[in-house]
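S.K.: Take this structure, written in structure tokens, and hold onto it; I'll ask about it next.
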Amino acid sequence: MKHQSIFNLFTAYLIIATLQNIHSQEHYDFKGLVIVQDTVMLPYQLKFSVNKGVISGYSMTDAAGEHETKNSISGLYDEKSDSFSFQENDIEYTKSVISENDFCRINFKGVLKLASKRTKIKGAFVGLYQDGTKCIDGTLNLMKMERILKKVEKITKRISRSVFVDSLTKSKITTEKLLGENEINSLKEGESTSVFWESDKLVMEINDIGVEDDDRISIYVNGVKVLNNFSVKKIKSVVEVDISKKIKNEIIIKAENQGTIGINSVRVRLVDLKKQIDLNTKLNTNQETRILIHRR
């Protein structure tokens, strides 16, 4: 009984400690623009958590654009002085054609009152290549997503009340569409999405998005067909892929049809022991998209 009491106390301590740790983590979402050389402006998003002053999360550059890139980030935040800093680290995936070594990574330091709803991440950043040498500097101008959502909601309300906008157009306008959230991580026809991988194995988890509507796909890995006219289900199907450093690892996903509801939309999750990357197909019949796996 004594051992059981000690075990129960220890279990309770672990639960309380875990809950306190979860509670101590604050999550933030900022969105806006990255501006380079005062002329080039790209959509930019930061999603991160702060745990005991340590920042972790990711950045998204040019979401839904031809150079869409997702980077892991790390940094530090001091609640007393409001000092805030982060740097982009490893690239998870990119639709840009340049190599990983040619990417200019953002390194930012500034003052940020995270508790304020009206706070912004605004100011100059230093651009550094992977080896630490200088590249192009620029500026960030981001605000909290909750503030952006309020602004977008005001816009949609104005549109819905306007007598100058027809009813069909009004029905198509939603907060989600104005923000473009559904376009992030999408695999479109003719695109090549580069993913950077450290393991010699890759697991592809495939399942239908939303309602199961008989979306059918074929998948080729390095020229070999591994799935043929496969009907994607809500339950995940798994394909294992060997990743080599010696060859270009290419995965081609072909839409064999469009199912019964809209376009061919399949979630493709790439998984290893350290991370997972979610990508979604947006394809019409006979269209193809490519995923290039670069082994680090």
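When you line the sequence shown up against my numbering, it's residues 15 to 310, in that order.
From the three backbone atoms N, C-alpha and C, an ideal C-beta is built for every residue, glycine too.
When DSSP builds the beta bridges, which residues end up paired with residue 290?
M.R.: Stepping through the sequence shown from its first residue, residue 290 is reached at position 276. Note: residue 290 sits in a beta bridge opposite 285.
S.K.: For residue 121, does the three-state DSSP call read helix, strand or coil?
M.R.: Counted from its first residue, the sequence shown places residue 121 at position 107. DSSP places residue 121 in strand when its eight states are reduced to three.
S.K.: Between 301, 128, 97, which lies nearest to residue 204 when the distance is taken from Cα to Cα?
M.R.: Here residue 204 refers to the residue found at position 190 when the sequence shown is read from its first residue. When only C-alpha atoms are compared, the closest one is 301.
S.K.: Excluding sequence positions up to five away, which residues of its chain have a Cβ less than 6 Å from the Cβ of residue 266?
M.R.: Translated into positions along the sequence shown, residue 266 becomes position 252. Cβ neighbours of residue 266 beyond the five flanking positions: 234, 302, 304.
S.K.: Taking all protein chains shown into account, do 16 or more other C-beta atoms lie within 10 angstroms of the C-beta of residue 77, making it buried, or fewer, making it exposed?
M.R.: To locate residue 77, count along the sequence shown from 1; it is residue 63. The residue is buried, with at least 16 neighbouring Cβ atoms inside 10 Å.
S.K.: Are the Cβ atoms of residue 133 and residue 158 separated by less than 8 Å?
M.R.: The residue you call residue 133 lines up with position 119 of the sequence shown. The residue you call residue 158 lines up with position 144 of the sequence shown. Yes; because the gap between Cβ atoms is below 8 Å, this pair is in contact.
S.K.: Would you call the region 47-62 in contact with the region 144-155, where contact means no fewer than 3 C-beta pairs closer than 8 Å?
M.R.: Short answer: they touch.
S.K.: Bridge partners of residue 41, per DSSP?
M.R.: The residue given as residue 41 occupies position 27 in the sequence shown. In DSSP, residue 41 forms a bridge with 63.
S.K.: In its own chain, which residues sit with a C-beta less than 6 Å from the C-beta of residue 125, not counting the 5 before and 5 after it?
M.R.: Locating residue 125 in the sequence shown gives position 111, where the first residue counts as 1. Result list for residue 125: 96, in chain order.
S.K.: If you compare alpha carbons, which of 237, 269, 257 is closest to residue 201?
M.R.: Here residue 201 refers to the residue found at position 187 when the sequence shown is read from its first residue. Out of 237, 269, 257, 269 has the C-alpha closest to the C-alpha of residue 201.
S.K.: Name, in chain order, the residues that DSSP records as bridge partners for residue 81.
M.R.: Indexing the sequence shown from 1 puts residue 81 at position 67. None, per the DSSP bridge assignment.
S.K.: Considering only C-alpha positions, which residue in the set 92, 283, 241, 65 is nearest to residue 218?
M.R.: What you label residue 218 is simply residue 204 of the sequence shown in a count that begins at 1. If we check each option's Cα against that of residue 218, 283 comes out closest.
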